[in-house]
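As structure tokens, the structure follows; a few thoughts come after it.
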Amino acid sequence: MVTTGQCLCGAVRYRVTAEPILTRACWCRLCQYLGAGSNTVNVCFPSNAITIEGTLSDYRSVADSGNVMHRRFCPTCGTALFSEAESRPHLIFVRAGTLDDREIAKPMVTIWTAQAPSWACLDPSVPRLEGQPPPPA
Ligand SMILES: [Zn+2]
Ligand SMILES: [Zn+2]
Numbered sequence: 054m055v056t057t058g059q060c061l062c063g064a065v066r067y068r069v070t071a072e073p074i075l076t077r078a079c080w081c082r083l084c085q086y087l088g089a090g091s092n093t094v095n096v097c098f099p100s101n102a103i104t105i106e107g108t109l110s111d112y113r114s115v116a117d118s119g120n121v122m123h124r125r126f127c128p129t130c131g132t133a134l135f136s137e138a139e140s141r142p143h144l145i146f147v148r149a150g151t152l153d154d155r156e157i158a159k160p161m162v163t164i165w166t167a168q169a170p171s172w173a174c175l176d177p178s179v180p181r182l183e184g185q186p187p188p189p190a
């Protein structure tokens, strides 16, 4: 399976040659900034299967768990593309809006629902977690 995607302006492009490990919708407070008020949808891949072209900026932050996070975005158009935790360098999370084929990104679970606003639209057919799920293998 080959998955491709890009930022809004096209300066950053990527190609993944692996199956998604999991897909999640995230309503954590930070994702609401990135998602312009809504959640983010993220597809997890093995990081050794992705090839990225173009220059990314990196926003580094420390999660409540103590994990150091890197959120990478296009410095030209501002599109958020990737998220990585230093503690799990074998995984990369791709922002689903950047995928050429978004159909592969239907969330398997919605996480951090406790931080969602009261008007959030949550798919009743998707399982929910109030907070952080355990990390994928
Ligand atoms: Zn761009
Ligand atoms: Zn989040």
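In case it helps, my numbering puts the sequence shown at residues 54 to 190.
Glycine included, every Cβ here is placed at the ideal spot set by N, Cα and C.
These figures come from a predicted structure and were not determined experimentally.
Can you tell which of Arg68, Trp80, Gly58 has the C-alpha that lies nearest to the C-alpha of Leu182?
Here residue 182 corresponds to residue number 129 of the sequence shown, with the count starting at 1. The residue with the shortest Cα to Cα distance from Leu182 is Trp80.
Report the CB separation of Val55 from Arg66 in whole angstroms; it is logged as a contact under 8 Å.
Counted from its first residue, the sequence shown places residue 55 at position 2. Counted from its first residue, the sequence shown places residue 66 at position 13. Going by Cβ atoms, the distance from Val55 to Arg66 rounds to 13 Å, so no, they are not a contact pair.
Is it buried or exposed, Glu156, if we count other Cβ atoms within 10 angstroms and call 16 or more buried?
Within the sequence shown, residue 156 is the residue found at index 103, counting from 1. Under the 10 Å beta carbon count, Glu156 is surrounded by fewer than 16 other beta carbons and is classified as exposed.
How many angstroms separate the CA atom of Leu175 from the CA atom of Asn92?
Within the sequence shown, the letter at position 122 stands for residue 175. Within the sequence shown, the letter at position 39 stands for residue 92. Within the model, the alpha-carbon separation for Leu175 versus Asn92 is close to 10 Å.
Tell me whether Cys97, by its Cβ, gets closer than 7 Å to a heavy atom of ligand 2.
Within the sequence shown, residue 97 is the residue found at index 44, counting from 1. No, Cβ of Cys97 sits at least 7 Å from all heavy atoms of ligand 2.
Segment limits, beta strand (DSSP E) that includes Cys79:
As a working mapping, residue 79 is identified with position 26 in the sequence shown. Where Cys79 is concerned, the enclosing beta strand (DSSP E) stretches over 75–79.
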